[in-house]
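A.B. asks: Supplied in structure tokens, the structure appears directly below.
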Amino acid sequence: MPSRRKTTMFASAFLTCVCSFVVICVVLATQDWMNSEVRFSGTNSSSTVSLSYGLFSGTCELLVGAGLQVSESAFQVADNLRSTQAKSMITAIIVILVLSLLSSLLSAGFTCTNAVSNPYQTFLGPIGVYTWNSLCGPFTLLAMILFPVNIEENDLSTELARGCFSSLQTHIGSAHIYGYSYWLMLLIIFQNIASVIIIYIYDHARYSKKKEQERPIENAPKDVILF
12 MPSRRKTTMF
22 ASAFLTCVCS
32 FVVICVVLAT
42 QDWMNSEVRF
52 SGTNSSSTVS
62 LSYGLFSGTC
72 ELLVGAGLQV
82 SESAFQVADN
92 LRSTQAKSMI
102 TAIIVILVLS
112 LLSSLLSAGF
122 TCTNAVSNPY
132 QTFLGPIGVY
142 TWNSLCGPFT
152 LLAMILFPVN
162 IEENDLSTEL
172 ARGCFSSLQT
182 HIGSAHIYGY
192 SYWLMLLIIF
202 QNIASVIIIY
212 IYDHARYSKK
222 KEQERPIENA
232 PKDVILF
């Protein structure tokens, strides 16, 4: 059976891993990644498309002239994208987050195993926890980087606006605000860092205690050596 200290430390790491898993599920399920206002000029008047969307779906609203609402509808992100590059990047972000989800699940499994037992295999110990957390965090960070790149480089909001309303003409500007679904990924990264720190503290304390017990004989008192 593991010591009380080990159980406490790994149970704490397990909770952070479970929280990370839940937050990734929320990030994938909610559709408040981006809120955009895309402006277009027309023959007689200008128009603005207000968008709110995530990785899978969203809503769009067309405002003409001085803010008169003309139409509002829901849409599927994949159906509204004509650019292969933009669509491929959205798919890549989803795949990366799914990998992050699996890494978080495995990390939770490893920490739970160590909280209730002493695994014989080295990889099932702290090394395994380090490994899966070191994958989950970078995967999430990569998703955070790719999404803004898709917004700026591939004009994602403009593509989606044109997919909602085909009559739009010349694009003259856009304004973007990242939603809570996007910023929750920062919480995932912090939770992974917290898990690694907790396991490191335990592992470092165990190593220090082991080295203390294996002190060389020259550090022993002289009377003990003579005896």
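Going left to right, the sequence shown walks through residues 12 to 238 as this note's numbering numbers them.
All residues carry an ideal CB built from backbone N, CA and C; glycine is no exception.
Predicted model only: the values in this text are computed from it and were never measured.
Taking the alpha helix (DSSP H) that R16 belongs to, which residues open and close that run?
C.D. replies: Sequence index remark: in the sequence shown, residue 16 carries index 5 (1-based). Residues 15-40.
A.B. asks: Tell me whether the beta-carbon of F32 lies closer than 7 Å to the beta-carbon of I104.
C.D. replies: Mapped onto the sequence shown, residue 32 falls at position 21. Mapped onto the sequence shown, residue 104 falls at position 93. Taking 7 Å as the Cβ cut-off, F32 and I104 do not qualify as a contacting pair.
A.B. asks: Please give the ranges of any beta strand (DSSP E) in the segment 135-210, keeping only runs that are unbroken, at least 3 residues long and fully inside the region.
C.D. replies: Segments of the beta strand (DSSP E) lying fully in the segment 135-210: 181-189.
A.B. asks: Specify, as a first and last residue, the run of the alpha helix (DSSP H) that F121 falls within.
C.D. replies: The residue labelled residue 121 in the question sits at position 110 within the sequence shown. Its alpha helix (DSSP H) spans residues 95-127.
A.B. asks: What's the C-alpha gap between V75 and G184?
C.D. replies: For this step, residue 75 is matched to residue 64 along the sequence shown. For this step, residue 184 is matched to residue 173 along the sequence shown. Straight-line Cα distance between these residues: approximately 15 Å.
A.B. asks: Applying the criterion that 16 or more other CB atoms from any shown protein chain within 10 Å of the CB defines a buried residue, is F21 buried or exposed?
C.D. replies: Translated into the one-based positions of the sequence shown, residue 21 becomes position 10. Burial call: buried.
A.B. asks: Tell me the DSSP bridge mates of G69?
C.D. replies: As a position in the sequence shown, residue 69 is number 58, starting the count at 1. Paired residue(s): Y64, F86.
A.B. asks: Would you list the one or two residues that DSSP bridges to T54?
C.D. replies: Taking the first residue of the sequence shown as 1, we reach residue 54 at position 43. Paired residue(s): none; T54 is not in a bridge.
A.B. asks: Pull up the distance between the alpha-carbon of A119 and that of V127, whole angstroms please.
C.D. replies: On the sequence shown, position 108 is the one that residue 119 refers to. On the sequence shown, position 116 is the one that residue 127 refers to. Looking at the two C-alpha atoms, the distance is approximately 13 Å.
A.B. asks: With H, G and I counted as helix, E and B as strand and the rest as coil, what does DSSP make of I228?
C.D. replies: Taking the first residue of the sequence shown as position 1, residue 228 is located at position 217. Confidence is the limiting factor: at I228 the pLDDT is only 48, short of 50, which leaves the residue's position unreliable, though a coordinate-based value still follows. Helix, per DSSP.
A.B. asks: Just mark R16 as buried or exposed, buried being the case when its beta carbon has 16 or more other beta carbons within 10 Å.
C.D. replies: The residue you call residue 16 lines up with position 5 of the sequence shown. Exposed, by the Cβ-count rule.
A.B. asks: Using a Cβ-Cβ cut-off of 6 Å (strictly less than) and excluding sequence neighbours within five positions of T18, which residues of its own chain qualify?
C.D. replies: On the sequence shown, residue 18 is found 7 positions in, with the first residue counted as 1. Contacts found: A126.
A.B. asks: Where T142 and L26 are concerned, what is the direct C-alpha to C-alpha distance, given to the nearest angstrom?
C.D. replies: In the sequence shown, the residue the question calls residue 142 occupies position 131. In the sequence shown, the residue the question calls residue 26 occupies position 15. Approximately 17 Å, taken between the alpha carbons.
A.B. asks: Between the alpha carbons of V49 and C71, how many angstroms are there, rounded?
C.D. replies: Position 38 of the sequence shown, counting from 1, holds the residue named residue 49. Position 60 of the sequence shown, counting from 1, holds the residue named residue 71. Going from the Cα of V49 to the Cα of C71 covers about 10 Å.
A.B. asks: Compute the distance between the beta-carbons of L108 and A154, then report whether it is under 7 Å.
C.D. replies: For this step, residue 108 is matched to residue 97 along the sequence shown. For this step, residue 154 is matched to residue 143 along the sequence shown. For L108 and A154, yes; Cβs fall inside 7 Å.
A.B. asks: Classify V88: buried if its beta carbon has 16 or more other beta carbons within 10 angstroms, exposed otherwise.
C.D. replies: For this step, residue 88 is matched to residue 77 along the sequence shown. V88 should be labelled buried.
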